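**Q** The structure follows.
Chains as they are written, first to last, in the numbering used here: chain U, 10 to 330; chain Y, 5 to 368.
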């Protein structure tokens, strides 16, 4: 079992999960309001590209993140217009955005940078990691040093943002006036409408929040994790986040746990690739890649938990007269 | 008698005018992007049409691509008729390619083309159907949403096929991850033997098979009792159940047929052109099937015309990318997304305006 390091797996789980957490929490707002958000993938990809491109050009990662927010919100508004105002098919709108962005990000990246659909390395324009006060002093202390430098400290600011978002989202969804309206619109829009809540407005607000949250996922991919944009670099993260949402029964805490589980599988995959395991021997990477998807199908099959979607999700709201 | 004011659009408007207006809108957005990339949309369009339709060889390639798309379009359409959104045609086509390849690798040295080709088609259909079975079963029996499960099955197919090709099908000493090249008996006869007009193109009898499949689909879905039950399931499950349709059975069968059709899409693209199984050979054809089903409104004629349109976009787009480096083939992935957005999700964008126009002309 050489090279199989639990401490490493824990740390990389923490670093893998934010991509999924931002997107899944974005999807949570959209879907709790009654709009299916299958377009997470496209929004992640678009904000990953724009964040990297603007971050590189201005040499300022924060401007990159801001630009990523703008483009992700713009896409969320297109989706909202189609789903809410036009009362179109929400699944189709999401897939259209995913496919369109897969093509467009490559075309624009190629047009601007001429590097085969890649952006140049961000280099110094990447976000620097947070160093906890006193972390350097305890670096050599066995457990404490690891906790201060790798477990709690030493991550990008976006990692902390992802974990702080969990209690915030929980509070907003369950304890704020907006959250109550949000859930009402997703469960029974006609009742919400009768109570004087504007279903359209609430759903537009939810999509706006979803756009902002989802953009961090893309920015994290390109500005924090890799340091450049690569074509189709989201590689299914949007779909996986959506699955974490189903897995978590559309609740913030359970959804984040689902994201952590997927992050854990990714960490294990990298760790056991090319390592001789007892009994089974060497497992090829392509098979390990399948694990999260297979787990998802098993979960969806109801072997582990019965997941119940918001009642009105995916249905356009037509005001009754 | 003076005609009454209508509140519903006539069939010619919903079936022809609205799809065309939506397609035009998508192409206008695409033209804007091409303009922003510093190229002339009009000139690009001219190159595209020249290379995809006017040049006979180009037309051959257009119809060759269309033959594949007819099958993925049919696969998505028949599931849609049953109210199921099968996003998994990509994975089902990929897995269908494995069934085809296993049949060919086992028998291409011994069987004549007359037996080899039908057997390979059977292999493709069975494996495609197999890959669609579990999502269909889970939707019917456990209520797991078919959209999410088919997406998962696309990812699983990609990883699993990678493993199978590299581990079992790669000939010894080869680097390129692909199976061995098939023998002559497994090649689909090309149409240029009878129609020299098409020149040296891979257009083959797969095109005729695709036309036959469209006719069968049209008859079965709109004219048979089973087709009626299928559509009833899609329109209102409760009503269909009340009328005696076994819903879960119908869902599973619709997904099996959908998967089989997606699997058959691999026949034209493998046995008509490359003659070996390679990594990621579907290259998005399954997703194009979604666009085709939406644009063609699941009608056989619509599916055919949309398939030819996408075939032309692929063929013309390829030539265009050679002449205009700023318009790579990925531009057409973007345009495909736009078409899905305008024709699929915003199908009623111009509905109210058109209704007003019709009423105004009738009054006057």
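Every residue gets a Cβ at the ideal spot worked out from N, C-alpha and C, and that includes glycine. Note that this is a predicted model, so its numbers are computed, not measured.
Would you please state the rounded distance, in angstroms, between the beta carbons of residue 178 (chain U) and residue 261 (chain U)? I believe it to be under 8 Å.
**A** 5 Å
**Q** Please return the same chain residues whose Cβ sits closer than 8 Å to the Cβ of residue 11 (chain U), not counting the five positions on each side in sequence.
**A** Because the pLDDT of residue 11 (chain U) is 43, which lies under 50, any placement of that residue in the model is unreliable, and the number read from its coordinates should be weighed accordingly. Excluding sequence neighbours, residue 11 (chain U) sits near 284.
**Q** Counting only runs of 4+ residues fully inside the stretch 115-167 of chain Y, write out the alpha helix (DSSP H) ranges in chain order.
**A** 117-141
**Q** To the nearest whole angstrom, what separates the beta carbons of residue 232 (chain U) and residue 136 (chain U), a pair I think is in contact under 8 Å?
**A** 6 Å
**Q** Along chain U, in chain order, which residues have C-beta atoms closer than 9 Å to that of residue 312 (chain Y)?
**A** None at all; the shortest Cβ gap to chain U is about 20 Å.
**Q** Just to confirm before moving on: does the CB-CB distance between residue 31 (chain U) and residue 256 (chain U) stay below 8 Å?
**A** Between residue 31 (chain U) and residue 256 (chain U), the CB-CB gap reaches or exceeds 8 Å.
**Q** Quick one, which residues of the stretch 279-298 of chain U are near chain Y if we go by CB-CB under 7 Å, in chain order?
**A** 293, 295, 296 and 298
**Q** Step through the CB atoms of chain Y and report whether any lies within less than 8 Å of the CB of residue 243 (chain U).
**A** no
**Q** Can you tell me whether residue 211 (chain U) is buried or exposed? The criterion is at least 16 other CB atoms within 10 Å of its CB, across all chains shown.
**A** It is buried - the Cβ of residue 211 (chain U) has at least 16 other Cβ atoms within 10 Å.
**Q** Under 7 Å, CB to CB, which of the residues in the stretch 96-128 of chain Y have a partner in chain U?
**A** none
**Q** Shorter than 8 Å from the beta carbon of residue 303 (chain U) to some beta carbon of chain Y?
**A** yes
**Q** In the DSSP assignment, the alpha helix (DSSP H) including residue 83 (chain U) goes from what residue to what residue?
**A** 70-89
**Q** Looking at chain Y, which residues of the stretch 110-142 of chain U have a Cβ within less than 8 Å of any of its Cβ atoms?
**A** 110, 111, 112, 113, 115, 116, 119, 120 and 126
**Q** Helix, strand or coil for residue 208 (chain Y)? Go by DSSP, reduced to three states.
**A** strand
**Q** Between which two residues does the alpha helix (DSSP H) holding residue 246 (chain Y) run?
**A** Looking at the DSSP string, the run of the alpha helix (DSSP H) that includes residue 246 (chain Y) is 241-246.
**Q** Using a cut-off of 8 Å between C-beta atoms, extract the partners of residue 217 (chain U) located in chain Y.
**A** Chain Y residues near residue 217 (chain U): none, gap ~19 Å exceeds 8 Å.
**Q** Expressed to the nearest angstrom, what Euclidean distance is found between the alpha-carbon atoms of residue 296 (chain Y) and residue 69 (chain U)?
**A** 43 Å
**Q** Using Cβ-Cβ distances below 7 Å, what residues of the stretch 85-105 of chain U are close to chain Y?
**A** 91, 95, 97, 98, 100, 101, 102, 104 and 105
**Q** I'd like to know if residue 84 (chain Y) contacts chain U, where contact means its C-beta is closer than 8 Å to some C-beta of that chain.
**A** Against chain U, the CB of residue 84 (chain Y) has no partner CB under 8 Å away; the residue lies outside that interface.
**Q** Return no unless some Cβ of chain U is closer than 8 Å to the Cβ of residue 137 (chain Y).
**A** Against chain U, the CB of residue 137 (chain Y) has no partner CB under 8 Å away; the residue lies outside that interface.
**Q** Quick one: which chain Y residues come within Cβ less than 7 Å of residue 309 (chain U)?
**A** 142, 148, 152 and 153
**Q** Quick check on the DSSP output: the alpha helix (DSSP H) that includes residue 98 (chain Y) runs from which residue to which?
**A** 93-111
**Q** Going by C-alpha to C-alpha distance, which of Y:150, Y:257 and Y:71 sits closest to residue 234 (chain Y)?
**A** The shortest C-alpha to C-alpha distance from residue 234 (chain Y) to any of Y:150, Y:257 and Y:71 is the one to Y:257.
**Q** Is there at least one Cβ from chain Y nearer than 8 Å to residue 251 (chain U)'s Cβ?
**A** yes
**Q** Would you report the Cα separation of residue 211 (chain Y) and residue 67 (chain Y), rounded to the nearest angstrom?
**A** Residue 211 (chain Y) and residue 67 (chain Y) have their C-alpha atoms some 7 Å from each other.
**Q** Let me make sure I understand the geometry here. Which of U:163, U:74, U:96 and U:240 has the alpha-carbon closest to that of residue 350 (chain Y)?
**A** U:96
**Q** I need the straight-line Cα distance from residue 2 (chain Y) to residue 145 (chain Y), nearest angstrom please.
**A** An answer regarding residue 2 (chain Y) cannot be provided, because it is not within the stretch 5 to 368 covered by chain Y.
**Q** How about residue 37 (chain Y) and residue 316 (chain Y): are their beta carbons less than 8 Å apart?
**A** No, these two residues do not count as a Cβ contact at 8 Å.
**Q** Strictly by DSSP, which residues pair up with residue 291 (chain U)?
**A** U:285
**Q** Starting from the beta carbon of residue 306 (chain U), find every residue of chain Y whose beta carbon is closer than 7 Å, and list them in chain order.
**A** 153 and 156
**Q** Between which residues of its own chain and residue 300 (chain Y) is the CB-CB distance below 6 Å, once the five residues before and five after are set aside?
**A** Counting only Cβ-Cβ distances below 6 Å, and skipping sequence neighbours, we find 306, 307 and 310.
**Q** Is it right to say residue 183 (chain Y) is buried, meaning 16 or more other beta carbons lie within 10 angstroms of its own, or is it exposed?
**A** buried
**Q** Helix, strand or coil for residue 282 (chain Y), going by three-state DSSP, please let me know.
**A** strand
**Q** What do you get for residue 56 (chain U), buried or exposed, if any count of 16 or more other CB atoms within 10 angstroms of its CB means buried?
**A** buried
**Q** Going by CA-CA distance only, name the one from Y:82, Y:138, Y:303 and Y:160 that's closest to residue 294 (chain U).
**A** The residue with the shortest Cα to Cα distance from residue 294 (chain U) is Y:160.
**Q** In this structure, how does DSSP classify residue 214 (chain Y) when only helix, strand and coil are distinguished?
**A** helix
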